[in-house]
Amino acid sequence: AQSVAQPEDQVNVAEGNPLTVKCTYSVSGNPYLFWYVQYPNRGLQFLLKYITGDNLVKGSYGFEAEFNKSQTSFHLKKPSALVSDSALYFCAAPYNNNDMRFGAGTRLTVKP
Amino acid sequence: DTGVSQNPRHKITKRGQNVTFRCDPISEHNRLYWYRQTLGQGPEFLTYFQNEAQLEKSRLLSDRFSAERPKGSFSTLEIQRTEQGDSAMYLCASSTPLRPGGEQYFGPGTRLTVT
Numbered sequence: 036a037q038s039v040a041q042p043e044d045q046v047n048v049a050e051g052n053p054l055t056v057k058c059t060y061s062v063s064g065n066p067y068l069f070w071y072v073q074y075p076n077r078g079l080q081f082l083l084k085y086i087t088g089d090n091l092v093k094g095s096y097g098f099e100a101e102f103n104k105s106q107t108s109f110h111l112k113k114p115s116a117l118v119s120d121s122a123l124y125f126c127a128a129p130y131n132n133n134d135m136r137f138g139a140g141t142r143l144t145v146k147p
Numbered sequence: 274d275t276g277v278s279q280n281p282r283h284k285i286t287k288r289g290q291n292v293t294f295r296c297d298p299i300s301e302h303n304r305l306y307w308y309r310q311t312l313g314q315g316p317e318f319l320t321y322f323q324n325e326a327q328l329e330k331s332r333l334l335s336d337r338f339s340a341e342r343p344k345g346s347f348s349t350l351e352i353q354r355t356e357q358g359d360s361a362m363y364l365c366a367s368s369t370p371l372r373p374g375g376e377q378y379f380g381p382g383t384r385l386t387v388t
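Protein chains in written order, with the numbering used here: chain V, 36 to 147; chain B, 274 to 388.
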């Protein structure tokens, strides 16, 4: 079984600056980790996932995430934030290989 | 559009009434999931189907909740005798057969308001 935690409710960055949205995990065995994004009044959209292999995972819309086993983290990053990146971001991990367990979410606001 | 669809998108009902939501998954996906999301929280798992079989139910799914997927295609989620605490976004997701690390694809959700 796996669980994730997002320590920040809110992240604010200026447009053009790098952004980081944090996620830590607790797992037994090999972790499978995901990032999803939710825009207002929309469902969740898959961004990227870590299964195995390279610790730096690249995903949609220029996002990437770094898997760090020693720090049990899977932080979401983007080199240059856009105003349109403003949304709710969820870290997730499968529970018993069935349902997905989500963090509480981090609201990202990118200011012009 | 071949994504996951949900109907209705919004439902307002009075306490004590029954409501039913529908989810149409991506056609080649045999796994279907229901989640509930309240304001400011991440989605919480309710139940999932593999084909027509309901394989797991969360403790969140009280006796007033029932889900079906009769032919292994679309699914319905019914809430009987709705309570104000049932007000939430109900999300449906689908995925391909189980493999480690398979991502789920979500529909737009049905927002339920119980007055």
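Idealized CB from N, CA, C, for every residue including glycine.
Under 8 Å by beta carbon: chain V residues contacting B:PRO381: For the C-beta of B:PRO381, the chain V residues within less than 8 Å are, from N- to C-terminus, ASN76, ARG77 and GLY78.
Positions along the segment 341 to 364 of chain B whose CB lies within less than 7 Å of some CB in chain V: For the segment 341 to 364 of chain B, the residues whose beta carbon sits under 7 Å from a beta carbon of chain V are, in order, LEU364.
V:LEU91 versus B:LEU350: straight-line alpha-carbon distance, rounded: It is roughly 39 Å from the alpha-carbon of V:LEU91 to the alpha-carbon of B:LEU350.
C-alpha distance - V:TYR74 paired with B:ARG384, whole-angstrom precision: In this model, V:TYR74 and B:ARG384 are separated by some 15 Å (Cα to Cα).
Same chain, Cβ closer than 6 Å to V:LYS113, five either side skipped, listed in chain order: Closer than 6 Å at Cβ, skipping near neighbours: LEU54, GLY97 and PHE98.
For B:GLN377, three-class secondary structure by DSSP: Here B:GLN377 carries a coil assignment [DSSP, helix/strand/coil].
Assigned secondary structure, V:SER95 (DSSP; H/G/I helix, E/B strand, else coil): Helix.
Minimum Cβ-Cβ distance from B:GLU301 to chain V less than 8 Å: Not an interface residue.
Within-8 Å CB hit, B:GLU325 to chain V: No, B:GLU325 does not count as interfacial toward chain V.
Coil, strand or helix - B:ASP297 by DSSP: Here B:ASP297 sits in strand by DSSP.
N-terminal and C-terminal residue of the beta strand (DSSP E) that B:HIS302 is part of: Note, B:HIS302: premise wrong, no beta strand (DSSP E); not H, not E.
Any C-beta of chain V under 8 Å from that of B:PHE318: It does; some Cβ of chain V falls within 8 Å.
Other residues of its chain near V:ASN52: CB distance less than 8 Å, five sequence neighbours each side excluded: Only residues of its own chain outside the window of five on either side were considered, and among them SER115 and ALA116 have a CB closer than 8 Å to the CB of V:ASN52, listed in chain order.
Outcome for V:LYS84 when other beta-carbon atoms lying within 10 angstroms are tallied against a minimum of 16: Under the 10 Å beta carbon count, V:LYS84 is surrounded by 16 or more other beta carbons and is classified as buried.
Bounding residues of the beta strand (DSSP E) (the contiguous stretch that carries V:LEU123): Here the beta strand (DSSP E) through V:LEU123 covers 122 to 130.
Cα-Cα separation between V:CYS58 and V:PHE109, rounded to whole angstroms: A straight-line Cα-Cα distance of about 5 Å links V:CYS58 and V:PHE109.
As assigned by DSSP and simplified to three states, the class of B:VAL292: Residue state, collapsed to three classes: strand.
Candidates V:LYS146, V:THR141 and V:MET135, of which the one nearest V:TYR67 by Cα: Residue V:MET135 is the option with its Cα nearest to V:TYR67.
CB of V:TYR71 within 8 Å of CB of V:ALA128, strictly: Not closer than 8 Å, so no.
Closer than 7 Å: V:GLY88 CB and nearest the ligand HEM heavy atom: Among the components of this structure there are no ligands whatsoever, and the ligand HEM is therefore not found.
Nearest neighbour of V:ILE86, chosen from B:GLY345, B:ARG288, B:TYR363 and B:GLU376 [CA to CA]: Ranked by how close their Cα comes to the Cα of V:ILE86, the residues B:GLY345, B:ARG288, B:TYR363 and B:GLU376 have B:GLU376 in first place.
Expected contact under 8 Å - CB spacing of B:ASN291 and B:GLN357 to nearest Å: No, B:ASN291 and B:GLN357 are not in contact; Cβ-Cβ is about 15 Å, not under 8 Å.
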